[in-house]
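>
Protein chains in written order, with my numbering: chain A, 4 to 180; chain B, -15 to 113.
1) Just to confirm my understanding: we take residue 99 of chain A, look at its own chain, exclude 5 residues before and 5 after, and list those with CB closer than 7 Å. What are they?
2) On the CB-based measure, 16 or more other CB atoms within 10 Å of its CB, does residue 169 of chain A come out buried or exposed?
3) Taking a cut of 7 Å between CB atoms, which residues from the region 31 to 62 of chain B lie near chain A?
4) Please list the terminal residues of the continuous alpha helix (DSSP H) segment that includes residue 54 of chain A.
5) So, with DSSP's three-state summary, where would you put residue 113 of chain B?
6) Going by alpha carbons, who is nearest to residue 171 of chain A out of B:96, B:76, B:92 and B:101?
7) What distance in whole Å lies between the Cβ atoms of residue 92 of chain B and residue 72 of chain B, which are believed to be in contact at a cut-off of 8 Å?
8) Run the CB neighbour count on residue 101 of chain A, radius 10 Å, all protein chains shown included, and call it buried at 16 or more, exposed below.
9) Hey, residue 44 of chain B and residue 10 of chain B: beta-carbon distance below 8 Å or not?
10) Answer with yes or no whether the minimum CB distance from residue 77 of chain A to chain B is below 8 Å.
11) Determine, using beta carbons only, whether residue 66 of chain A comes closer than 8 Å to chain B.
12) Assuming contact is defined by CB atoms lying nearer than 8 Å, are residue 107 of chain A and residue 79 of chain A in contact in what I supplied?
13) Per DSSP, residue 103 of chain A is paired with what?
14) With DSSP as the reference, label residue 168 of chain A as helix, strand or coil.
15) Please classify residue 104 of chain A as buried or exposed, where buried requires at least 16 other C-beta atoms within 10 Å of its C-beta.
16) Compute the distance between the beta-carbons of residue 43 of chain A and residue 77 of chain A, then report whether it is under 8 Å.
17) Nearer than 7 Å: is that true of the beta carbon of residue -3 of chain B relative to any heavy atom of the ligand MN?
18) At the 8 Å Cβ level, is residue 64 of chain B part of the contact set with chain A, yes or no?
19) Please list the partners that residue 11 of chain B has in chain A, where partner means a Cβ-to-Cβ separation under 7 Å.
20) I need the DSSP call for residue 82 of chain A, collapsed to helix, strand or coil.
21) Taking all protein chains shown into account, do 16 or more other C-beta atoms lie within 10 angstroms of the C-beta of residue -7 of chain B, making it buried, or fewer, making it exposed?
22) For residue 97 of chain A, which of A:59, A:85, A:64 and A:70 has the nearest alpha-carbon?
23) Comparing alpha-carbon positions, which option in B:51, B:94 and B:67 lies nearest residue 129 of chain A?
24) Would residue 12 of chain B and residue 40 of chain A be called neighbours here (beta carbons separated by less than 8 Å)?
25) Between the alpha carbons of residue 162 of chain A and residue 155 of chain A, how many angstroms are there, rounded?
26) For residue 96 of chain B, count the other beta carbons within 10 Å of its own beta carbon; 16 or more makes it buried, fewer makes it exposed. Which is it?
27) If you draw a straight line from the alpha carbon of residue 31 of chain A to that of residue 95 of chain A, how long is it in whole angstroms?
28) Please state if the CB of residue 48 of chain B and the CB of residue 18 of chain B are separated by a distance shorter than 8 Å.
29) Given a cut-off of 8 Å, decide if residue 24 of chain A and residue 149 of chain A are closer than it, judged by their beta-carbon atoms.
30) In whole angstroms, what separates the C-alpha of residue 56 of chain A from that of residue 64 of chain A?
31) Could you pull the DSSP bridge partners for residue 154 of chain A from this structure?
32) Rounded to the nearest angstrom, how far is the Cβ of residue 66 of chain B from that of residue 99 of chain B, given a contact under 8 Å?
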């Protein structure tokens, strides 16, 4: 088994994939959201509630799942659709017994990889941007941007019993170091 | 619709203690109306600022970006900022995004106040609840 430490994971950069991501499990819903930030929390709560009901989300993971959902939905509304309320953000939730995935699609122009902040090195440490990407890469198992970058799929596998124990130990050391 | 949060601002001698009222989820929407006031406080020359996260259960990446902005404003005006009362789930987010290296973080308001008054060591505190 290979453990990828968060510090190494953080060095990865976001790529826009040429292929669509794999489809996982059963589609629970596809919802269209107006590009209005005040609407996002109700949808995020609904997704978290479904994941908890299906035992796909541990209580201590809730902050992380919320952060990642918040990050991609805010990006779609603010950077993708520029908060133009005539444009929609489409959110789909997929689950099976051992993972969950969300797809988010906005009507924006996408992005170019060059505009993303470089999170490597010391020059980054006081940047006001780019921390959302670090959080996505740290928690999610797969972050798959595709098309022009206006579509993304996040995937998170349910942890096995042993992975949960390792996660708790890593969490403890993270707080202690 | 989320309730509109407010800032609670207390003055302890030359130390300004700021905490959040009526809000537990800090995100792009809830930090927006508070950001300007926080930036004004942070821009005062030689400010000694304690920002308490008591009652805050969640902080999104938009909030982390705001904190970096506040840190830079405080430093540019020769002030000092310390954070306190950060719950473990948020502290782990600080660790991943390296904000724990930027800010001096104390377990509670009392220890943050004492550290300004020189009655506690200047080292960073990390704690388990």
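Using N, Cα and C, we set each Cβ at its ideal position, and we do this for glycine too. Source: prediction; values computed, not measured.
With the given structure in hand:
1) Counting from 1 along the first chain, the entry for residue 99 of chain A is found at position 96. Answer for residue 99 of chain A: 27, 28 and 29, listed in chain order.
2) Start at 1 with the first residue of the first chain, and residue 169 of chain A comes out as number 166. With fewer than 16 Cβ atoms within 10 Å of its Cβ, residue 169 of chain A is classed as exposed.
3) 42, 44, 45, 46, 48, 49, 52, 53 and 56
4) For the purposes of this step, residue 54 of chain A is identified with residue 51 of the first chain, where counting begins at 1. Segment 43 to 56, the alpha helix (DSSP H) holding residue 54 of chain A.
5) Taking the first residue of the second chain as position 1, residue 113 of chain B is located at position 129. Residue placement at residue 113 of chain B is flagged as unreliable, the pLDDT there being 37, under the threshold of 50; the coordinate-derived value follows with that caveat. Three-state DSSP puts residue 113 of chain B in coil, outside helix and strand.
6) As a first step, residue 171 of chain A is located in the first chain; it is residue number 168 there, counting from the start. Cα-wise, what sits closest to residue 171 of chain A is B:76.
7) Mapped onto the second chain, residue 72 of chain B falls at position 88. Mapped onto the second chain, residue 92 of chain B falls at position 108. The Cβ separation is near 14 Å, so there is no contact.
8) In the first chain, residue 101 of chain A corresponds to position 98, counting from 1. Classification of residue 101 of chain A: exposed, given that the 10 Å Cβ count is below 16.
9) Sequence index remark: in the second chain, residue 44 of chain B carries index 60 (1-based). Sequence index remark: in the second chain, residue 10 of chain B carries index 26 (1-based). Yes, they are a contact pair.
10) Translated into the one-based positions of the first chain, residue 77 of chain A becomes position 74. Judged by the 8 Å Cβ criterion, residue 77 of chain A is in contact with chain B.
11) For the purposes of this step, residue 66 of chain A is identified with residue 63 of the first chain, where counting begins at 1. So yes, residue 66 of chain A belongs to the interface.
12) Within the first chain, the letter at position 104 stands for residue 107 of chain A. Within the first chain, the letter at position 76 stands for residue 79 of chain A. Against a cut-off of 8 Å, the Cβ pair of residue 79 of chain A and residue 107 of chain A comes out as a contact.
13) Working through the first chain from its first residue, we reach residue 103 of chain A at position 100. Answer by DSSP bridge pairing, in chain order: A:98 and A:159.
14) Locating residue 168 of chain A in the first chain gives position 165, where the first residue counts as 1. Three-state result, residue 168 of chain A: helix.
15) Working through the first chain from its first residue, we reach residue 104 of chain A at position 101. Buried.
16) Position 40 of the first chain, counted from the first residue, corresponds to residue 43 of chain A. Position 74 of the first chain, counted from the first residue, corresponds to residue 77 of chain A. Yes, the Cβ-Cβ distance between residue 43 of chain A and residue 77 of chain A is below 8 Å.
17) Because no ligand of any kind appears in the structure shown, any question about the ligand MN cannot be addressed here.
18) Here residue 64 of chain B corresponds to residue number 80 of the second chain, with the count starting at 1. Residue 64 of chain B does not count as touching chain A.
19) If you number the second chain from 1, residue 11 of chain B lands on position 27. Ordered by position in chain A, the residues that pass the 7 Å Cβ test against residue 11 of chain B are 73.
20) What you label residue 82 of chain A is simply residue 79 of the first chain in a count that begins at 1. Three-state result, residue 82 of chain A: helix.
21) Translated into positions along the second chain, residue -7 of chain B becomes position 9. Exposed is the call here.
22) For the purposes of this step, residue 97 of chain A is taken as the residue at position 94 of the first chain. Cα-wise, what sits closest to residue 97 of chain A is A:59.
23) Sequence index remark: in the first chain, residue 129 of chain A carries index 126 (1-based). Among B:51, B:94 and B:67, the Cα nearest to that of residue 129 of chain A belongs to B:51.
24) Looking up residue 12 of chain B in the second chain gives position 28. Looking up residue 40 of chain A in the first chain gives position 37. Yes; because the gap between Cβ atoms is below 8 Å, this pair is in contact.
25) Here residue 162 of chain A refers to the residue found at position 159 of the first chain. Here residue 155 of chain A refers to the residue found at position 152 of the first chain. Using only the alpha carbons, I get a separation of about 22 Å.
26) Locating residue 96 of chain B in the second chain gives position 112, where the first residue counts as 1. Flag for residue 96 of chain B reads buried.
27) Along the first chain, one-based indexing puts residue 31 of chain A at 28. Along the first chain, one-based indexing puts residue 95 of chain A at 92. Cα to Cα, the separation comes out at about 7 Å.
28) Taking the first residue of the second chain as position 1, residue 18 of chain B is located at position 34. Taking the first residue of the second chain as position 1, residue 48 of chain B is located at position 64. Result no, Cβ atoms of residue 18 of chain B and residue 48 of chain B do not sit closer than 8 Å.
29) Taking the first chain and counting its residues from 1, the one referred to as residue 149 of chain A is at position 146. Taking the first chain and counting its residues from 1, the one referred to as residue 24 of chain A is at position 21. Taking 8 Å as the Cβ cut-off, residue 149 of chain A and residue 24 of chain A qualify as a contacting pair.
30) Start at 1 with the first residue of the first chain, and residue 56 of chain A comes out as number 53. Start at 1 with the first residue of the first chain, and residue 64 of chain A comes out as number 61. The straight-line gap from Cα to Cα measures roughly 14 Å.
31) Looking up residue 154 of chain A in the first chain gives position 151. Note: residue 154 of chain A sits in a beta bridge opposite A:108 and A:149.
32) To locate residue 66 of chain B, count along the second chain from 1; it is residue 82. To locate residue 99 of chain B, count along the second chain from 1; it is residue 115. Right, their Cβ atoms sit about 7 Å apart.
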